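Here is the structure we will look at.
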Amino acid sequence: MTSYVEGYPVKALIIEDSAIETMVLSAMLRKFHCEISTAKNGKEAVQMFLEGKKFDIIFCDKDMPIMSGPEAIEKIRALGEIHVKIVGVSVGDNAQEAFMRVGVDEFVPKPMKLDVVGAIIQEVIKKKKNNETV
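Using the working numbering, the first residue of the sequence shown is number 1, and each one after it goes up by one.
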């Protein structure tokens, strides 16, 4: 299964402070041939958008040092990034509510499963194909 749309891979950003969690999610995304970037905290992620980087999808952890996931998402959305699909990811009980308040499109509890990640990537591919044919 490929994530290419007309030769362009799905660009994914992983915002996660745990190296192990980043490695696991990266391995899943590589199965779908995604182009992967990472940020260790929300501040790094926001900086990437300020530098003009664009992504098709973001997977964002909730609790991180320097800037939390929900805070970063709020800032990213405030920058006008309304078309990027944002998936909140966490083990916390109140995480889904915190993410939904700031504009995530979807919440997935940890540990993430390959079939769930695959379904989300397929949604992004379908959206990219529809946008390119318009």
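Beta carbons: idealized from backbone N, C-alpha and C, even for Gly.
Since we're looking at a predicted model, the values are computed, not measured.
Applying the 10 Å Cβ sphere with the 16-neighbour rule, what's the burial state of residue i?
i: lysine 53; result: exposed
i: serine 68; result: buried
i: lysine 113; result: exposed
i: alanine 19; result: exposed
i: alanine 45; result: buried
i: lysine 129; result: exposed
i: alanine 119; result: exposed
Excluding sequence positions up to five away, which residues of its chain have a Cβ less than 6 Å from the Cβ of residue i?
i: aspartate 56; result: Val10, Lys11 and Val124
i: valine 117; result: Met28
i: leucine 79; result: Phe49
i: isoleucine 14; result: Thr22, Leu25, Thr38 and Phe59
i: lysine 43; result: Ile66 and Met67
Checking 9 Å against the spacing of the C-beta atoms, do residue i and residue j come in under that value?
i: isoleucine 58; j: lysine 85; result: yes
i: proline 109; j: alanine 95; result: yes
i: valine 102; j: glutamate 81; result: no
I believe residue i touches residue j by the beta-carbon criterion, under 8 Å. Please report the beta-carbon distance rounded to the nearest angstrom.
i: valine 87; j: glutamate 106; result: 5 Å
i: asparagine 41; j: isoleucine 73; result: Asparagine 41 to isoleucine 73, Cβ: 13 Å. No contact.
i: valine 104; j: aspartate 61; result: About 12 Å separates the two Cβ atoms, so there is no contact after all.
Residues in the same chain with beta-carbon distance under 8 Å from residue i, minus the five sequence neighbours each way, listed in chain order, please.
i: arginine 30; result: Ile36
i: histidine 83; result: none
Leaving out five residues before and five after residue i in sequence, what residues of the same chain have Cβ atoms less than 7 Å from its Cβ?
i: aspartate 17; result: Lys40, Asn41, Asp61, Met64 and Pro65
i: valine 134; result: A caution first: valine 134 carries a pLDDT of 48, below 50, which makes its placement in the model unreliable, though a value can still be read off. Here the set comprises nothing.
I'd like to know if residue i contacts chain D, where contact means its C-beta is closer than 9 Å to some C-beta of that chain.
i: leucine 79; result: Going by chain labels, chain D is absent from the structure shown, which holds only one protein chain.
Complete alpha helix (DSSP H) runs within the stretch 59 to 93 (minimum length 4 residues, chain order) = 69 to 78
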